[in-house]
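Before any comments, here is the structure.
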Amino acid sequence: MSLPLISFILPFSEREYCPDDERLNRLLFQLSEVEETEVVVHSSGNLSTKTYDALSSYNFIKWVHEPQAHEPFSAGYVRNVAVEHATAEYVFFIDVDLNFPASLLPYLVSNTKRLKAIGKMAFEMFPCIYLSRAGTKQFNEQFNVVLDSFLLGENTITDGIAVASSCLLVNKEWFKQLGGFDVEFSGHGGEDLSLIHQLCLHYPVMPLTADYHLNQKAQHPGDYVGCRRYFSFYSLAHLFEGRFFVHYWHSRPLSHKYHQARVVNDELLAKKLKQSSTNLSVVNSFHQNLLQQHCRLSSDLCLMPEHNYKVWMAGLQQQFGYDVAEYPGLFQWRKGVKVHRPLWKKARKLYLNPKLFFVDGLKKLFAK
């Protein structure tokens, strides 16, 4: 029997703040439909009978269980452990809160051949649209409706987007050679962007920009700067080609240590981004040019990425029939949209990042 082409890496733990709504069963069923793949599940902590039965019912699953859960949960650690049990040449990192168009998984399988022809440093990354609480309840797998709503600049179905995400297709041995996910990151955030940083250093789509070391969050991708703008070059075209994931909404209680770790991880990531030297192999200029074509980057963007970023973004969506005047979602909310910030969100921001809370408050005050 031949080895699978892709091992899907799926971490799982039962979350007391996230009620059971069949997310695990749904995802396992979707993955079971794709040939030439396997799923490696890493579970930790106590499991319910229902979860145990679900993980035991599929013969394509490799299941690793650690009875003692780490506190706070470390996605990087459990993914690294799961990769050690993978037998495929490529691994793809996926989470239980994700859903995706049916055509995406066959694309991943066929795309391994393209990456292999380039070399072990080549990888793919896919964007992820975050559903709102209401959008999660009404979601019926009409992905075009989700995409259109986001691009229209609405905030009823979606909460936002991560153009750079942990939805990564990577050569397994290269992933291990890079050291895998950095286990210094524990709790929510940081480990995925740190890995993307390492992948980009060795498979650069263009030279790093002067502000690359900055990690500044923005609601709209048009406002990206630093590493987030650079990372978006790899994955934005996938959005318009229908190759994206959606993330189901779930609560994120601040009382949980996993979510409290975000600020510390952001500070750690800032240090990692400044480490941009390497002794490992870097893809050659020929394959860099092929990567630019694959990502639909314009020559003007590659010459002056900071200056031409928004122009490229607008041109890209125009190629797919989304006129910016009608679909401003990558740049701003649609005119007339009311952005409601519930009190709990304001309290969360104040708790996690008081400096940013007051800076943003002053900006809004002077904007009036």
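Here our numbering is used: the first residue of the sequence shown is -7, the next is one more, and so on. Ideal placement from N, C-alpha and C gives every residue a C-beta, glycine not left out.
Buried or exposed: which applies to residue i, given that a residue is buried once 16 or more other Cβ atoms fall within 10 Å of its Cβ?
i, result
"H251", "Confidence at H251 is low in this model, with a pLDDT of 48, below 50, so its placement is unreliable and no value can be given for it."
"E30", "buried"
"Q130", "exposed"
"R71", "buried"
"A67", "buried"
"V274", "exposed"
"S277", "exposed"
"D87", "buried"
"A317", "exposed"
"P213", "buried"
"D292", "exposed"
"V138", "buried"
"D89", "buried"
Restricting to Cα atoms, I'd like to know which of the options is closest to residue i.
i, options, result
"K263", "E176, Y226, V275", "E176"
"S95", "E233, H34, L(-3), F323", "E233"
"Q376", "D140, N38, C120, C219", "Here the chain covers residues -7 to 360 and nothing more, so residue 376 does not appear."
"R106", "V162, A74, K42", "V162"
"L272", "G152, K168, W55, N17", "K168"
"I(-2)", "E58, T43, R15, K54", "K54"
"L2", "G37, Y44, V73", "V73"
"N136", "F223, Y301, Y314, Q324", "Y314"
With distances taken between CB atoms, is the gap from residue i to residue j smaller than 9 angstroms?
i, j, result
"N91", "V238", "yes"
"L160", "F236", "no"
"T201", "P98", "no"
"S227", "A306", "no"
"L143", "L322", "yes"
"E165", "D174", "no"
"G152", "S141", "no"
"H57", "H34", "yes"
"L(-5)", "L20", "no"
"S178", "Y69", "yes"
"V256", "G172", "no"
"V101", "E27", "yes"
"F118", "H230", "yes"
Report all residues from its chain with a CB closer than 6 angstroms to the CB of residue i; omit the five preceding and five following residues, and keep chain order.
i, result
"T270", "L193"
"H279", "I110"
"L191", "F115"
"A154", "C120"
"S290", "W304"
"H205", "L265, K266"
"L409", "Only positions -7 to 360 of the chain appear in this structure, which leaves residue 409 out of reach."
"L23", "F0, V31"
In its own chain, which residues sit with a C-beta less than 7 angstroms from the C-beta of residue i, not counting the 5 before and 5 after it?
i, result
"V329", "G145, E146, N147"
"W336", "Only weak support is given to the placement of W336: the predicted model assigns it a pLDDT of 44, under 50, and the question is left unresolved by the model."
"P320", "G145, R326"
"N281", "none"
"S5", "S35, S36, G37, A61, F65"
"Y216", "A210, S224"
Tell me whether residue i, by its Cβ, gets closer than 8 angstroms to a heavy atom of the ligand FMN.
i, result
"R15", "As for the ligand FMN, it is missing from this structure, which has no ligand bound."
For residue i, which residues of its own chain have a beta-carbon under 8 angstroms away from its beta-carbon, when the five flanking residues on both sides are left out?
i, result
"Y122", "T150, D151, G152, I153, A154, V238, H239, W241"
Residue ranges of each alpha helix (DSSP H) within the region 293 to 338, 4 or longer: 297 to 311
For the region 12 to 75, which segments carrying the beta strand (DSSP E) assignment without a break, of at least 3 residues, lie completely within its bounds, in sequence order? 29 to 36, 53 to 58
Those runs of the alpha helix (DSSP H) which lie wholly inside the region 135 to 192 and span at least 4 residues: 135 to 143, 164 to 169
Which whole runs of the alpha helix (DSSP H) in the region 66 to 127 are 4 residues long or more, in chain order? 67 to 75, 96 to 110
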